[in-house]
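First the structure, in the form of structure tokens, and then the observations on it.
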Amino acid sequence: MTDGRSDQGRDHPVTAVLALAAAATVAGMTGYRAITGWRSSGREG
Numbered sequence: 001m002t003d004g005r006s007d008q009g010r011d012h013p014v015t016a017v018l019a020l021a022a023a024a025t026v027a028g029m030t031g032y033r034a035i036t037g038w039r040s041s042g043r044e045g
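FYI, the UniProt record's numbering numbers position 9 of the sequence shown as 9, with every residue one higher than the one before it.
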């Protein structure tokens with residue numbers, strides 16, 4: 001059975017969020033939008 005609720009408001013582990021932010025920063029991303037875009041695209045730069 002699938003969960004019909006949206007992903008909005010979902011809790012994520014702090015370590016995972018910090019690791020993604022650190023990786024995006026190392027890849028040259030700055031700012032929330034750039035980091036979110038980098039994470040969503042799955043590509044570097």
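Quick reminder that beta carbons are idealized off the backbone N, C-alpha and C, glycines included.
Nearest-angstrom Cα separation, counted from alanine 24 out to glycine 37: Their Cα atoms are separated by approximately 10 Å.
So, with DSSP's three-state summary, where would you put threonine 15? Helix.
Give the secondary structure of arginine 33 by DSSP, where H, G and I count as helix, E and B as strand, and everything else as coil. Residue state, collapsed to three classes: helix.
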